[in-house]
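Peer 1: In numbering that gives the first Met the number 0, the protein residues as written are 0 to 254. Quick one: structure below, then a few questions.
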Amino acid sequence: MLKNPTADHLLDLHLVTMADAYLHPEPGSEALSFDDRFALLVEQEWYAKKNARIHRLVTRAAFSVNATIEDIDYRKDRNISRKDVSLLATCDFIGQHLNVILSGKTGSGKSYLACAVGATACRKGIVTRYYRLPELFAELALARLENRYVRFMQSLKKIQLLILDDIGLKPYSHDESRDLLEIAELRYNRTSTIFSSQVPHDAWYNLIPDPTIADAFMDRVVHNAYVVQLDSEKSMREIAGQKLLRSIANSVQNR
Numbered sequence: 000m001l002k003n004p005t006a007d008h009l010l011d012l013h014l015v016t017m018a019d020a021y022l023h024p025e026p027g028s029e030a031l032s033f034d035d036r037f038a039l040l041v042e043q044e045w046y047a048k049k050n051a052r053i054h055r056l057v058t059r060a061a062f063s064v065n066a067t068i069e070d071i072d073y074r075k076d077r078n079i080s081r082k083d084v085s086l087l088a089t090c091d092f093i094g095q096h097l098n099v100i101l102s103g104k105t106g107s108g109k110s111y112l113a114c115a116v117g118a119t120a121c122r123k124g125i126v127t128r129y130y131r132l133p134e135l136f137a138e139l140a141l142a143r144l145e146n147r148y149v150r151f152m153q154s155l156k157k158i159q160l161l162i163l164d165d166i167g168l169k170p171y172s173h174d175e176s177r178d179l180l181e182i183a184e185l186r187y188n189r190t191s192t193i194f195s196s197q198v199p200h201d202a203w204y205n206l207i208p209d210p211t212i213a214d215a216f217m218d219r220v221v222h223n224a225y226v227v228q229l230d231s232e233k234s235m236r237e238i239a240g241q242k243l244l245r246s247i248a249n250s251v252q253n254r
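Here is the structure:
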């Protein structure tokens, strides 16, 4: 196989898609001008790198569910506003360093909406990370034991969109309360956080035993946040399960 110096140079520059497109031009592309063909090669490389970055961001975000804004269910028995969802989907709140509070009973779709907004942020090139709060507390406790607590907190500070799910499953210990305040303080007016909770945000005071810490945390989280209340007559997990069962039944019938 003959070597192609130009393709080799492109590969050395890590322009893999561009090299492949150069070696295997699309039918009819030879009729294009140099500028048009070069633009086509650059565009293919650009899209490949963009898609690869999105894939990396989504993978590192570690979402709990594969969710998209386009698949959100606006059925009549759900208290969910298209206007609110459209506003969140712009991700403008991230550029403004504002927070989002999603509240509603279990099965109302809070986690799905949070992950859908997070996935949209990833598609816009925004570094995002999802944590269930109990799991984050466990990681922070381990970081303390391993003497890397400060480094871990600094990594949380740099995340452009942090999603904290399952706020308020239980009252918090003093250490957990301090962790919450530290996260809120480090990220205040710098980055954005989505909080998802079954507990209404005005009842979060009751989760934190120290009133001073509770006041400081709420001051840094609630006063610069969009609050979205979700509700549904039926659990969205139940609805999703019913859809899956119907899909399986239809697949069996069509065999």
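Glycine is no exception: its CB is placed at the ideal position from the N, C-alpha and C atoms.
If you draw a straight line from the alpha carbon of Ala113 to that of Ile193, how long is it in whole angstroms?
Peer 2: 7 Å
Peer 1: Closest to Leu14 by C-alpha separation, out of Glu42, Trp203, Ile207, Leu31, would be which residue?
Peer 2: Among Glu42, Trp203, Ile207, Leu31, the Cα nearest to that of Leu14 belongs to Glu42.
Peer 1: Near Tyr148, what residues of its chain come up, given a Cβ to Cβ distance below 8 Å and the 5 sequence neighbours on each side ignored?
Peer 2: Taken in chain order, the residues that qualify are Leu139, Ala142.
Peer 1: Mind checking whether Leu56 and Thr127 have CB atoms under 8 Å apart?
Peer 2: yes
Peer 1: Threshold first: 3 residues or longer. Then list the beta strand (DSSP E) segments lying entirely within the region 82-157, N to C.
Peer 2: 98-102, 127-131
Peer 1: On the criterion of 16 or more Cβ atoms from any shown chain inside 10 Å, does Lys109 qualify as buried, or is it exposed?
Peer 2: buried
Peer 1: Just to confirm my understanding: we take Phe62, look at its own chain, exclude 5 residues before and 5 after, and list those with CB closer than 7 Å. What are they?
Peer 2: Cys114, Gly117, Ala118, Tyr129
Peer 1: Can you say whether Tyr111 is buried or exposed, counting buried as having 16 or more other CB atoms within 10 angstroms of its CB?
Peer 2: buried
Peer 1: Could you give the distance in angstroms between the alpha-carbon of Asp91 and the alpha-carbon of Ala224?
Peer 2: 13 Å
Peer 1: Looking only at C-alpha atoms, which of Asp19, Asp174, His200, Leu161 sits nearest to Ser102?
Peer 2: Selected option, being the one with the closest Cα: His200.
Peer 1: Who are the near neighbours of Ile71 in its chain, counting only those whose CB is closer than 8 Å to its CB and skipping five residues on each side?
Peer 2: Ile79, Val84, Gly108, Tyr111, Leu112, Ala115
Peer 1: To the nearest angstrom, how far is it from the Cα of Thr211 to the Cα of Tyr204?
Peer 2: Distance between Thr211 and Tyr204, taken at the CA atoms: about 10 Å.
Peer 1: Could you tell me the distance, in whole angstroms, from the CA atom of Asp7 to the CA atom of Arg189?
Peer 2: 43 Å
Peer 1: Taking the straight line between their C-alpha atoms, what separation do you get for Leu185 and Asp35?
Peer 2: 48 Å
Peer 1: What did DSSP end up calling Asp7 once you bin it into helix, strand or coil?
Peer 2: Helix.
Peer 1: Where Glu29 and His23 are concerned, what is the direct C-alpha to C-alpha distance, given to the nearest angstrom?
Peer 2: The C-alpha of His23 is placed about 11 Å away from the C-alpha of Glu29.
Peer 1: Counting only the same chain and skipping the five closest in sequence on each side, list residues whose C-beta sits under 6 Å from that of Ala18.
Peer 2: Ala6, Leu9, Leu10
Peer 1: Round the Cβ separation of Arg52 and Gly124 to the nearest angstrom and send it over; I've been treating them as touching at under 8 Å.
Peer 2: 7 Å
Peer 1: Starting from the C-beta of Leu12, find all residues in its chain whose C-beta is less than 7 Å away, skip the five residues before and the five after it, and write them out in chain order.
Peer 2: none
Peer 1: So, for Pro208: in the same chain, excluding its five sequence neighbours on each side, which residues have a beta-carbon less than 6 Å away from its beta-carbon?
Peer 2: none
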